[in-house]
Amino acid sequence: MPVRLATWNINSVRLRIGLVAKLVDEHAPDVLCLQETKCADDCFPLSAVRKLGYEHVAIHGQKGYHGVATFSRFPFAETVRERWADKDDARHLATTFADGPLAGVTLHNFYVPAGGDEPDPAINPKFAHKLQFLDELTQWSGRIAATGARIMVGDLNVAPHESDVWSHKQLLRVVSHTPVETEGMNRMQAAGRWVDLVRRRTPHPEKLFSWWSYRAADWQASDRGRRLDHVWGSADVADRLIDVRTVREARGWERPSDHVPVVVTIA
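Numbering of the sequence shown is given in the working numbering, commencing with residue 36 and proceeding in unit increments.
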């Protein structure tokens, strides 16, 4: 039976739980991963999530910042919350499925640090933290490369290829598309033998974005986007890929996130 999995940087789950409901109504994901929930675990809107049909919920949050959550119609055998780059700031949640069509698959839900505005680790501690995080992800990816069926989703805050940004030349010195970040992400992908499921379905050089700045007067007309949200899988998962949908229209919903959902269907 095909399984539909969605990932979305929601930019406050309590503020946008109505948009979560809209996504579920229109796209019916069996598994939904959120990032930037901005909510402590004891304040999470669990009752609203369960009303959407998700009996199995894993959350890793903190007050006001960051946070990840995974909702599922299938039970979890294990849930792990990891600490990264010397900080326990709610950026990773790992869930392994107990049964159903994803039985034995481990799903990693990540929110990678944005990195601030200045792409110089010597003067910007946020950028230094991001680079440390990416380095640790590369080492970790190498360690788990042969551990079985895996999926990695989330706002990775890097647009790794020229076709993942509106202007490669103009963004080379802009955090999220600098060479040190894109090369770091490419090393991570290689170390983990990860397959980019979105680009398997929509190959380069077709432009594809998942984020548009709130600063744009008309995001749709200017279309100055970046692909910051990713779905990767181990080779066995990639072989099961049926479809991928970037829900671009969600950027135009009322009081939207600046990110849009990415939905994959797996056999």
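For every residue, glycine included, the Cβ atom is placed at its ideal position computed from N, Cα and C.
Bridge partners for residue i per DSSP, in chain order?
i: residue 94; result: 104
i: residue 284; result: Paired residue(s): none; residue 284 is not in a bridge.
i: residue 127; result: 145
i: residue 122; result: 119
i: residue 35; result: The displayed coordinates of the chain run from 36 to 302. Any statement about residue 35 would go beyond what the structure contains.
i: residue 313; result: Outside the shown range of the chain, which is 36 to 302, sits residue 313, and nothing can be said about it.
i: residue 278; result: 300
i: residue 84; result: Looking at the DSSP assignment, residue 84 forms no beta bridge with any residue, so it has no partner.
i: residue 39; result: 300
Find the nearest neighbour of residue i within the set the options, judged by alpha-carbon distance.
i: residue 171; options: 42, 227, 136 and 195; result: 227
i: residue 97; options: 146, 213, 61 and 165; result: 146
i: residue 163; options: 173, 174, 175 and 150; result: 150
i: residue 54; options: 63, 289, 137 and 153; result: 289
i: residue 168; options: 119, 112 and 181; result: 119
i: residue 38; options: 65, 44 and 56; result: 65
i: residue 261; options: 235, 200 and 234; result: 200
i: residue 75; options: 93, 240, 202 and 152; result: 93
i: residue 193; options: 182, 140, 283 and 207; result: 207
i: residue 257; options: 202, 91, 156 and 275; result: 202
i: residue 45; options: 245, 182 and 88; result: 245
i: residue 156; options: 58, 291, 213 and 177; result: 213
i: residue 275; options: 60, 88 and 140; result: 140
Assuming residue i and residue j form a contact by the criterion Cβ under 8 Å, report the distance between their Cβ atoms to the nearest whole angstrom.
i: residue 73; j: residue 100; result: 6 Å
i: residue 238; j: residue 217; result: That belief does not hold up - the Cβ atoms of residue 238 and residue 217 are roughly 18 Å apart, past 8 Å.
i: residue 111; j: residue 131; result: 7 Å
i: residue 277; j: residue 252; result: With a Cβ gap of about 38 Å, residue 277 and residue 252 do not count as contacting.
i: residue 136; j: residue 36; result: 5 Å
i: residue 263; j: residue 219; result: Residue 263 to residue 219, Cβ: 14 Å. No contact.
i: residue 184; j: residue 272; result: 6 Å
i: residue 215; j: residue 62; result: At roughly 35 Å, the Cβ-Cβ gap does not stay under 8 Å, so residue 215 and residue 62 are not in contact.
Ordered along the chain, which non-local residues of its own chain (more than five positions away) have a Cβ less than 6 Å from that of residue i?
i: residue 299; result: 40, 232, 266 and 279
i: residue 143; result: 129 and 187
i: residue 67; result: 41 and 106
i: residue 6; result: Limits of the chain in this structure are 36 at one end and 302 at the other, which puts residue 6 out of reach.
i: residue 103; result: 70, 95, 128, 144 and 146
i: residue 210; result: 150 and 154
i: residue 138; result: 132
i: residue 240; result: 198
i: residue 191; result: 147 and 265
i: residue 236; result: 279
i: residue 134; result: none
i: residue 180; result: 227 and 228
If you drop the 5 nearest sequence neighbours on each side, which residues of the same chain put their C-beta closer than 8 Å to that of residue i?
i: residue 124; result: 97, 100 and 101
i: residue 248; result: 254, 259 and 293
i: residue 230; result: 267, 268, 269, 270, 272 and 273
Please list, in chain order, all residues of the same chain as residue i whose beta carbon is under 7 Å from its beta carbon, the five residues on each side excluded.
i: residue 286; result: 247, 254 and 295
i: residue 86; result: none
Are the C-beta of residue i and some C-beta of chain D separated by less than 9 Å?
i: residue 205; result: This model lacks chain D altogether, as it is built from one protein chain only.
Do three or more CB pairs link the stretch 78 to 98 to the stretch 41 to 57 at distances below 8 Å? yes
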